[in-house]
Amino acid sequence: MRPRDAATRAPASSAATGPAGGAADPEALLSVRNLSVAFGGTRVVDGVSFALAPGECLALVGESGSGKSVTARTLIGLTGRHRAAERTTVTADALRLADRDLLLPAGDRRWRGIRGSQVGLVLQDALVSLDPLRTVGREIEDSLRLHTRLRGRERAARVRGLLASVGLDASVAGRRPDQLSGGMRQRALIASAIALDPPLLIADEPTTALDATIQAQVLGLLADLRRRGSAMLLISHDLSVVGSVADRIAVMRDGRIVEQGTARQVLTAPRHDYTRMLLRAVPSGKPRGTRLTIPGDGAGATAVAETTGAGPAPSAPAPSVEAVSLRKTFVGADGAPFDAVSDVSFTLMPGRTLGLVGESGSGKSTTARLVLGLAAPDAGEVRLFGGPWSSLPESARRPARPRLGAVYQDALGSFDPRLTVGALLVDALSAGKTSRARAHPEGVHRLLGLVGLEPALAGRQPRTLSGGQRQRVAIARALAPGPSVLVCDEPVSALDVSVQAQILDLLDDLQGRLGLSYLFISHDLAVIRHVSDDVAVMRAGRIVEHGATERVFSAPRHAYTRRLLAAGFPSPA
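Residue numbers for the sequence shown follow the numbering used here, so the first one is 9 and each next one is one higher.
This is how it looks when you write it as C-alpha cells:
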C-alpha cells in the first residue's frame, strides 16, 4: 500500500478530521454535515459529516453494512425504501452540492436535473448496470439525447470522444455489454457517467473482483478524471486499493465515520483500532503462514475444532494432483475455435498450496474444471494421487470423488435455496442420499465447529447469513466427504478485507490440521502470495511462469509476470 501524496492542496474539510467531521467548508463543492439515514426504526447512517472540493478525491472505506453505499446513494436520491413496509428517513444539518440543496424526497422530479448532469454514478457490476439489450453507444447517448440539444451526428461524435477518453476504441459503441471484457464494461460505464461532465463522480466499489491489471487501469482512469477537475467520492471496502487515488480517507463503521484524515495519515499512522484492524487484515506483505486476524477482530471464531475424520493426504510421495499437457478447445462467438487451456502442466504435492493466477480469460477456471473432472480435456490428462483420473469414465471416478472438493466464489449461488445450513451439510455428508437435517446431527455440529460456526446456525437459511458465514458453510460442505484436495476458485474475491482475512486464516488452519492440498485460484496477487507455496502464472491458456512463490514474486522471469506484478504492486506516485 502506497498512499498518494496529498500535500499539494489543503483538503476542503481540513476541519473535518475527527469522527464528527466539524463544520463543512463553505467553498466546498459537496458539503455533508450530520447526515443520518434510517430504514424504519433502524438507523444505518448516523451523524456523518465531510466535505469535498473540486478536483479532490475522498475515499469512504469500511466493511459491508458500514453505511458507505447508503451514504453515497442518499447524495443522489436513490436511498428509497429499504423494504416495502418500511419508511426511509433522511435528516442532515447540511446536504448541499454547490448551490443545490440535496435534502429532497426520493421521488422528487428535481433529482432529474441533478443525476447525470451534476453527479455521475459508477457502480461495481457494470454488466448489471448497463442495458444488456442495447449497444454501449446507445447507452451513453441516452443522457446526451435527454439533457442536451446536440443533434444525432454531434451526439455520435461526443460518444466516440467519451469512449476515447476512457481508452476504448470507437467500435465499442456498436457492441453490447456481454460482448466486452470486464474492464471494457467498467470503462464504458465510466464513459456513461461522465457524459454530461458532472462536477462530482461517485464510484461505488468500481474495481472489486477485477484483475490486477484491469483494476490498475480503472484506478488510473479515475485518477486522470480527478486531475481534470472532477471531485470524486470513492467507495471501497479495501484500504489498499484507495491509497493510490484518494487525497483523504474516511473510515466508516456501523454507520459512523470513526476516522478521517489524509490518505497518508490514515494508511501509515491510523488512530482508531478499527482502522488498524482493517490494515492488519490486508494480506499484502504478510508472508506465508502469518495470521491476518487476532481474537476479537471480527465475528466468528477462527479456531479449528475436531476434524471430520478426513485424515491427512497419503504419506506416499505421489502427487495429490498432476496435470500433464492439458488442452481444452472451445468455439468462440465468431464461430472460430480457440484454446482456453493449452499445454498446461503442474504438480500439486500433499499438504501444499499451488496458487494459479492470471487475468480473466487466462484459463484458470477452465483448468479447475478439468482438475475436478467437470470437463474432459481434449488432450493430456489429470492424475489423482498417482492414478488415472480424467481418463476414467465417470462411473469409475465416482468412488474417488469424496477425496476432491471445491470452494467457489459465490457461495450463495452454489447452495440449494430451499435447504437450511444443516440440510446442506447433511446432503454432503450422505453423498446426496438425504437432506433431512436430523439425519446426521453430530456430523453437522462437527462440521460447523470445524469452520468456527455455532451449532445454532444449522437451522438458518443461507440467505440470512453474512458473506463470511456463507463462505464458512461452503468450506464445511466441501470438507464433509473427507477430501484430501480442495480446489478453491476465487473463494475470497467478493469478501470484505476483514472477512477475507478470517477465511484465509481458516483455510490455513484447516490445511495444517488436516494435511489438505489446495489448488488456489485468484486474480488477487497479494492473496496468492500470502497463501501459496508455489505459483503458476497463466496467460491466454498457457502457464508462462511456474515456481516457488517468493522466487516468482521477487524475481519474475517472464515479461507478463512482471507486468502483472507492476499492476498489482504499483510503485509510489
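Glycine included, C-beta positions come from ideal geometry on N, C-alpha and C.
Would you report the Cα separation of Ala93 and Pro140, rounded to the nearest angstrom? Unreliable placement is indicated for Ala93, whose pLDDT of 47 sits below 50; the coordinate value is still reported in the next sentence. Approximately 31 Å between the Cα atoms of the pair.
Check for me: the alpha helix (DSSP H) holding Gln469 runs from which residue to which? Gln469 -> no alpha helix (DSSP H), and no H or E assigned at all.
Reference Val53; option with closest CA among Leu171, Gly263 and Glu71: Gly263
Contacting residues, own chain, Cβ-Cβ under 8 Å from Met260 (five flanking each side not counted): Val56, Leu68, Val69, Gly70, Ser74, Gly75, Lys76, Thr79 and Val266
Find the nearest neighbour of Leu131 within the set Asp101, Met192, Ile122 and Ala201, judged by alpha-carbon distance. Ala201
Assuming Trp397 and Arg406 are in contact, meaning their beta carbons sit under 8 Å apart, how far apart are those beta carbons, in whole angstroms? The Cβ separation is near 12 Å, so there is no contact.
In the stretch 243–298, which residue ranges form an unbroken beta strand (DSSP E) of at least 3 residues, counting only runs that do not cross its ends? Counting whole runs of 3 or more residues, the stretch 243–298 contains the beta strand (DSSP E) stretches 256–261 and 264–270.
Which term fits Arg163, buried or exposed, when burial requires 16 or more other beta carbons within 10 angstroms of its beta carbon? buried
Are the Cβ atoms of Ala326 and Phe393 separated by less than 8 Å? Cβ distance < 8 Å, so Ala326 and Phe393 count as in contact.
If we count Cβ pairs, one from each stretch, closer than 8 Å, do we get three or more for the stretch 467–482 versus the stretch 411–419? yes
DSSP state of Thr374, grouped into three classes? helix
Go ahead and pull the three-state DSSP assignment for Leu522. helix
Quick one: give me the first and last residue of the beta strand (DSSP E) that Phe58 is part of. Thr50 to Leu60
Expressed to the nearest angstrom, what Euclidean distance is found between the alpha-carbon atoms of Arg159 and Asp205? 18 Å
Quick check on the burial criterion: 16 or more other C-beta atoms within 10 angstroms. Buried or exposed for Asp177? Classification for Asp177: exposed.
Using the beta-carbon count (16 or more within 10 Å), is Arg537 buried or exposed? buried
By a C-beta neighbour count over all protein chains shown, 10 Å radius and 16 as the cutoff for buried, is Ile198 buried or exposed? buried
Helix, strand or coil at Ala239 according to DSSP, with G and I counted as helix: strand
From Arg236 to Gly63, what does the alpha carbon distance come to, in whole angstroms? Each residue's Cα considered, the two are about 7 Å apart.
On a CA-only basis, which of Pro470, Gly457, Asp186 and Arg195 is nearest Ala172? Give me that one, please. Ala172 has its Cα closest to that of Arg195, out of Pro470, Gly457, Asp186 and Arg195.
Using 10 angstroms around the beta-carbon of Ser252, count the other beta-carbons present and answer buried if the total reaches 16, otherwise exposed. buried
Three CB pairs or more closer than 8 Å across the stretch 368–383 and the stretch 543–553: yes
Compare the Cα-Cα distances from Leu230 to each of Leu242, Asp219 and Thr221 and report the closest residue. Ranking the options by Cα distance to Leu230, first place goes to Leu242.
Rounded to the nearest angstrom, what separates Leu527 and Gln519 at their Cα positions? 12 Å
What does Met546 pair with, by DSSP beta-bridge criteria? Ile551
Pull up the distance between the alpha-carbon of Ala419 and that of Leu533, whole angstroms please. Take the alpha-carbon of Ala419 and the one of Leu533: they are about 22 Å apart.
In chain order, what residues of the same chain have a beta carbon less than 8 Å from the beta carbon of Tyr568, not counting five sequence neighbours either side? So the list reads Val545, Arg547, Val552 and Glu553, once near-sequence residues are dropped.
Under 8 Å Cβ to Cβ from Ser248, same chain only, skipping five residues before and after it: list those, please. Excluding positions up to five away in sequence, the list reads Met9, Val290, Ser292, Val505 and Ala534.
In the DSSP assignment, find the alpha helix (DSSP H) that holds Ala172 and state where it starts and stops. If you look at Ala172, you'll find it in the alpha helix (DSSP H) that goes Gly160 to Ser173.
Three-state class that DSSP yields for Glu450 in the structure shown: In the structure shown, Glu450 sits in a helix (DSSP, three-state: H, G or I).
Enumerate in chain order the residues of its own chain whose CB-to-CB distance from Arg571 is below 8 Å, with the five nearest sequence positions on each side excluded. Thr221
Measuring alpha carbon to alpha carbon, tell me which residue in Ile84, Pro499, Ser72 and Arg104 is nearest Asn2. Not covered by the structure: residue 2. The range shown for the chain is 9 to 581.
Spatially closest choice to Pro491 from Leu111, Pro207, Gly359 and Met192, by CA coordinates: Gly359
Between Leu300, Val379 and Met357, which has its C-alpha nearest Lys336's C-alpha? The shortest C-alpha separation from Lys336 is found at Val379.
State buried or exposed for Thr97, treating a residue as buried only when at least 16 other CB atoms are found within 10 Å of its CB. exposed
According to DSSP, is Arg335 helix, strand or coil? strand
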